[in-house]
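Listed in order, the protein sequences are those of chains F and U.
Note that the numbering used here has the first sequence beginning at 1, numbered continuously upward.
Note that the numbering used here has the second sequence beginning at 1, numbered continuously upward.
This report concerns only the one structure given below.
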Amino acid sequence: MNQIKLYDVLPDVFRGEVIESEVWQHTIQFEAGERYLIESASGKGKSSLCSFMYGYRHDYSGTISLNGHNIKTLPPKQWDDVRRTQLSLLFQELRLFPELTVLENIQIKNNLTGYKTPAQIKSLLEELNIDEKINEKIGKMSWGQQQRVAVVRSLCQPFRFLVLDEPISHLDDDNSLLIAQMVTAEAQTQGAAIIVTSIGKHLPIDYHQKFAL
Amino acid sequence: MKLVWKLLRENISKPQLIGFFFANLIGMSILLLSLQFYFDINPLFSQKETLFKKDYFVLTKKLGLLSSLASAGSGFHPDEIGELKTKDFIKDVGVFTPGQFGVRAGISSRSMGIGFNTDMFFESVPVQFIDVNTRDWKFSEGRNVIPIILPRNYLDLYNFGFAESRSMPKLSQDLVKMINFDITIRGNGQMQQFKGNVVGFSDRLNTILVPEDFMTWANTRFGENTDAKPVRLIVEIKDVTHPQIASYFKNKGYEVNQGNTAASKLSMFLKIIVTIVAAIGLIICVLALVILILSIYLLLEKNMQKLINLRLIGYARKTLTKPYIYLALAINGATLLLSFIVVVVAQKQYSEVVSRIFPQYESAGYLNMVLIGLILFVVLGSVNAFIIRKKIK
C-alpha cells in the first residue's frame, strides 16, 4: 500500500456549512515515504479525519481510498490485516489499557505483529525515559507519559503510513524532539509516510507538505 | 492471548456465573432425569409380554334393562366387527362362538359308586387368541374326545374358596387334566356322548373353551339357532398405551371385561407427568440460559471499550470472541457433566424402588439421555456463540 487518497471528503457534521479547508472537499493524496502535517484549530475534524482513514468511522461523504480501493468496501477481516501491517495510528485519546502495565500495553500489540524484539522495545522506552516505569500500571501515569508509551506501541508493527493524532499535546520540547527523531527514524527504515495532526505545537520534523484543515 | 484474557476477564462477575451454573445444573438435571425416567419406565407399560400383557380385551355390549329383554340387541353386528378391525390400535378381532346346544357334564366312578352331573356351556375362539400352548387342542370326529380349556380362576375359586371351607381335597392342575369327564351333547333332536379332557388353564379367557373346529361341527349338527350374533368379542390390542382405547370403547357402549384399560390410563398419566416435569426442566434450562446470556451481555458491555480498542489495534474478531465462547462452553460443559452424574445417581435410587415393585424392570441405559444432553450442549453452545459473535463486531 503506497497511497491514501481523499476525494471530496466532508464529515457529515459539516454538511451544508461553508468550509474553508485544504483537505475537506478537496482531492489530496498521501504517498508512502513522505511527511505531512495537518494543522488546524480545535473542532475542525482532525480526529475525525484520522478515524475515517483508520476505517472506524463512516460518517462522511466522498471517498477515501487505499491504493485505489474504497475503504468503505473493505471487509472487516482485511481491515484487521491493514491495521496490523499497513496503517498505524496514534490515537489522540491513546486507547491504552489502564489495567495493564506499560510493558503489557506494548506487548499486547507486539504479540499480534511480532515486529519488535523485547530488547528493541526496551531501548525505545529507554530513549523516551520511561523504561523505569515499565512494570507500572498505565492508569496511574500522567497523560504525557502515556503519550510516549502509545507512541512506542504505534511503532510495534510494520506500516506504510504512520498517523499521529496530536502526538505531543502534553509533552515538553525535549520529549517532542525525542519522539520526532524516533518516528522519523522508524518511518525511514520502513519507507513509510508520517501524517501528523496538530493544533499549534507541531511535532518538530521536516514536513514535505502541510495542509490547513 | 494471555494478555487479552487478562484484560477481558477483569469484569467477570463470579456471582452471576455461579448463579447461572446452578440454575443450569438444576434445569439440566431435571430435564435429563425426567427423560431418563421416561426411557426406563415406559417399556414397563408398552412391552408385550411383561407387566401388562393383557393386551387382549374381551368386549361385550352393556346390559341395560331393555337390552336384557330384547336379547337380539346385545349381539355384535358384522358392521361393528368390521369397524373394530379398521381401528389402528386393534390388531385382530376374534368372535366368541357360543355353543347352540345343551351340554351336560359329569364325573362318574363306578368303583366308588359316586357321580355328579351338571349343565354347562361351551364357547370357542379362534386359536390365535388362546394363551395355552398344547398339542391336544384339536378335535377329530372319530375319537370322541373333546379337549377343554378352563379359566384358571375357576380352579382357584374351587381350591381357595370352596375346598378350603369344606375341608375338601384341593385339586392341582395336573390332577384336573387327568380327569375324564362324561359329556353329553343334545340338541336338534339328537344326542351324543363324548369324553371331555381338560388340557389347560387360561388366564385370559374367562369361559369354558372348546376347539373351534369342534364348535363348528357341533353347531351344524346340534345347533338350533344358526344365525345367532356373537355377544362377546376378543380383540388383540396393538398398542395398549394408545390414549384413544378407553374413550373409543366407552363411546361405543362396549364393556371391556378385563377391566384393564388401566395400562393405557397409567401410561397416559406417566406421559403427562413426565412431559410436565421435562417442561419444567426445560423452562429452568431456558431461564438459566437467559441468565448466562445476560451475564455475558453485561460482561461484553462492561468490556466494550476494551474490545473496541483491541479491535482497533488489529485484533481479529475471532480472537476476541474466543475467550467468551470458551467460557460459556466450559460452564455449559461442566453443568452437563455434573447433571449426567446427578441423573446416574438418582437413577440408581429410583431403579431400586421400581425393581422392587416390578421385578422385570430393566434400565434402558444412558445412551438416549446422554445423546439428548449432548444435543442440548451443542444447541446451547451455538446460541451462546451466535450471541457473542453478534455482540462483538
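Glycine included, C-beta positions come from ideal geometry on N, C-alpha and C.
*Please name the residue or residues paired with Y254 of chain U in a DSSP beta bridge.*
Taking the second sequence and counting its residues from 1, one reaches residue 254 of chain U at position 254. Partner(s): U:K61.
*To the nearest angstrom, report how far apart S29 of chain U and E164 of chain U are at their CA atoms.*
By one-based count along the second sequence, residue 29 of chain U stands at place 29. By one-based count along the second sequence, residue 164 of chain U stands at place 164. One C-alpha to the other measures close to 54 angstroms.
*DSSP puts V103 of chain U in a beta bridge; with which residues?*
Here residue 103 of chain U refers to the residue found at position 103 when the second sequence is read from its first residue. Per DSSP, U:M120, U:I185.
_So, under 8 angstroms CB-CB, N175 of chain F and R148 of chain F are touching, yes? Tell me the CB distance rounded to an integer number of Å._
In the first sequence, the residue the question calls residue 175 of chain F occupies position 175. In the first sequence, the residue the question calls residue 148 of chain F occupies position 148. Sure, about 7 angstroms apart at Cβ, within 8 angstroms.
_Residue burial classification, E49 of chain U (beta-carbon count within 10 angstroms, cutoff 16)_ = Residue numbering aside, residue 49 of chain U sits at position 49 when the second sequence is read from its first letter. Unreliable placement is indicated for E49 of chain U, whose pLDDT of 42 sits below 50; the coordinate value is still reported in the next sentence. With fewer than 16 other Cβ atoms within 10 Å, it is exposed.
_Separation of F340 of chain U from T73 of chain F, as counted between CA atoms_ = For the purposes of this step, residue 73 of chain F is identified with residue 73 of the first sequence, where counting begins at 1. For the purposes of this step, residue 340 of chain U is identified with residue 340 of the second sequence, where counting begins at 1. For T73 of chain F and F340 of chain U, the distance between alpha carbons rounds to 49 angstroms.
*asked:* Is it buried or exposed, R160 of chain F, if we count other Cβ atoms within 10 angstroms and call 16 or more buried?
replied: Along the first sequence, read from residue 1 onward, the residue named residue 160 of chain F stands at position 160. So R160 of chain F counts as buried.
*Note down the Cα distance separating T184 of chain F from H202 of chain F, rounded to an integer number of angstroms.*
The residue labelled residue 184 of chain F in the question sits at position 184 within the first sequence. The residue labelled residue 202 of chain F in the question sits at position 202 within the first sequence. Just so you know, the alpha carbons of T184 of chain F and H202 of chain F end up roughly 14 angstroms apart.
*asked:* Just to confirm my understanding: we take V379 of chain U, look at its own chain, exclude 5 residues before and 5 after, and list those with CB closer than 6 angstroms. What are they?
replied: Counted from its first residue, the second sequence places residue 379 of chain U at position 379. None.
*Residue span of the beta strand (DSSP E) that contains S221 of chain F, given as start and end*: Here chain F covers residues 1 to 213 and nothing more, so residue 221 of chain F does not appear.
*Can you tell me which of the three DSSP states D79 of chain U falls into?*
The sequence position of residue 79 of chain U within the second sequence is 79, counting from 1. D79 of chain U: helix per DSSP, three-state reduction.
*Are there 16 or more other CB atoms within 10 angstroms of the CB of D40 of chain U, so buried, or fewer, so exposed?*
What you label residue 40 of chain U is simply residue 40 of the second sequence in a count that begins at 1. Answer is buried; the Cβ neighbour count reaches 16.
*Cut-off 6 angstroms between Cβ atoms - residues of its own chain near S51 of chain F, not counting five sequence neighbours on either side*: One-based indexing of the first sequence puts residue 51 of chain F at position 51. Same-chain partners within the cutoff: R57.
*For a contact meaning CB atoms closer than 8 angstroms, what does R389 of chain U contact in chain F?*
By 1-based counting over the second sequence, the position of residue 389 of chain U is 389. Correct list: empty, because the minimum Cβ distance to chain F is about 12 angstroms.
*What is the rounded straight-line gap between the Cα of G45 of chain F and the Cα of V13 of chain F?*
As a working mapping, residue 45 of chain F is identified with position 45 in the first sequence. As a working mapping, residue 13 of chain F is identified with position 13 in the first sequence. One C-alpha to the other measures close to 9 angstroms.
_Looking only at its chain, what residues have a beta carbon closer than 6 angstroms to the beta carbon of I28 of chain F, apart from the 5 residues adjacent to it on each side?_
Locating residue 28 of chain F in the first sequence gives position 28, counting from the first residue. Result list for I28 of chain F: L6, in chain order.
*Cutoff 8 angstroms: Y366 of chain U Cβ touching any chain F Cβ*: By one-based count along the second sequence, residue 366 of chain U stands at place 366. Judged by the 8 angstroms Cβ criterion, Y366 of chain U is not in contact with chain F.
*Express the C-alpha separation of S247 of chain U and P211 of chain U in angstroms, rounding to a whole number.*
Position 211 of the second sequence, counted from the first residue, corresponds to residue 211 of chain U. Position 247 of the second sequence, counted from the first residue, corresponds to residue 247 of chain U. In a straight line, the C-alpha of P211 of chain U is about 33 angstroms away from that of S247 of chain U.
*Under a CB-based cut-off of 8 angstroms, is L155 of chain F close to chain U?*
For the purposes of this step, residue 155 of chain F is identified with residue 155 of the first sequence, where counting begins at 1. Chain U contact via Cβ: absent.
*Interface residues of chain F around Y315 of chain U at Cβ under 7 angstroms?*
In the second sequence, residue 315 of chain U corresponds to position 315, counting from 1. Ordered by position in chain F, the residues that pass the 7 angstroms Cβ test against Y315 of chain U are L112.
*What residues match up with A212 of chain F in a beta bridge as DSSP calls it?*
Looking up residue 212 of chain F in the first sequence gives position 212. In the DSSP output, where bridge partners are listed per residue, A212 of chain F has F:E39.
*Run of the alpha helix (DSSP H) containing S123 of chain F, from where it starts to where it stops*: Translated into the one-based positions of the first sequence, residue 123 of chain F becomes position 123. S123 of chain F -> alpha helix (DSSP H) spans 118 to 127.
*Given that a residue counts as buried once 16 or more other Cβ atoms are within 10 Å of its Cβ, and exposed if not, what is K170 of chain U?*
Taking the second sequence and counting its residues from 1, one reaches residue 170 of chain U at position 170. Classification for K170 of chain U: exposed.
*Using a Cβ-Cβ cut-off of 8 angstroms, state whether Q190 of chain F counts as contacting chain U.*
Stepping through the first sequence from its first residue, residue 190 of chain F is reached at position 190. Not an interface residue.
*Amino acids of chain F, ordered along the chain, whose beta-carbon sits closer than 8 angstroms to that of L3 of chain U*: To locate residue 3 of chain U, count along the second sequence from 1; it is residue 3. What L3 of chain U touches in chain F: L100, E104, Q107, I108, N111.
*Show which residues of chain U have a CB atom less than 8 angstroms away from the CB atom of F97 of chain F.*
Along the first sequence, read from residue 1 onward, the residue named residue 97 of chain F stands at position 97. Per Cβ cutoff of 8 angstroms: L7, K306, N309.
*Taking the continuous alpha helix (DSSP H) assigned at E352 of chain U, which residues delimit it?*
Indexing the second sequence from 1 puts residue 352 of chain U at position 352. 317 to 357 is the extent of the alpha helix (DSSP H) around E352 of chain U.
_Any C-beta of chain F under 8 angstroms from that of L376 of chain U_ = If you number the second sequence from 1, residue 376 of chain U lands on position 376. False, the Cβ-Cβ gap to chain F never drops below 8 angstroms.
*Contact set for K238 of chain U: own chain, Cβ-Cβ below 6 angstroms, skip 5 residues either direction*: Locating residue 238 of chain U in the second sequence gives position 238, where the first residue counts as 1. Same-chain partners within the cutoff: F89, K91.
_From F:K210, F:A212, F:I195, F:G200, residue whose alpha carbon lies closest to that of F91 of chain F_ = If you number the first sequence from 1, residue 91 of chain F lands on position 91. It is F:I195.
*Output the distance between the C-alpha atoms of I38 of chain F and L294 of chain U, rounded to the nearest integer angstrom.*
Position 38 of the first sequence holds residue 38 of chain F. Position 294 of the second sequence holds residue 294 of chain U. Taking the straight line from one Cα to the other gives about 45 angstroms.
_If distances are taken between C-alpha atoms only, which option among U:G381, U:V95, U:L307 comes closest to K393 of chain U?_
The residue you call residue 393 of chain U lines up with position 393 of the second sequence. If you compare the alpha carbons of U:G381, U:V95, U:L307 with that of K393 of chain U, the shortest gap goes to U:L307.
_First and last residue of the uninterrupted beta strand (DSSP E) at D8 of chain F_ = Here residue 8 of chain F is taken as the residue at index 8 of the first sequence, counted from 1. Start and end: 3 to 11.
*How is V82 of chain F classed by DSSP in three states: helix, strand or coil?*
For the purposes of this step, residue 82 of chain F is taken as residue 82 along the first sequence, with counting starting at 1. Looking at V82 of chain F - three-state DSSP - the assignment turns out to be helix.
*Among U:M369, U:E83, U:Q100, which one has its Cα closest to the Cα of E224 of chain U?*
Taking the second sequence and counting its residues from 1, one reaches residue 224 of chain U at position 224. Nearest C-alpha to E224 of chain U: U:Q100.
*Taking the C-alpha atoms as reference points, what is the distance between G144 of chain F and L171 of chain F?*
Here residue 144 of chain F refers to the residue found at position 144 of the first sequence. Here residue 171 of chain F refers to the residue found at position 171 of the first sequence. Cα to Cα, G144 of chain F sits roughly 5 angstroms from L171 of chain F.
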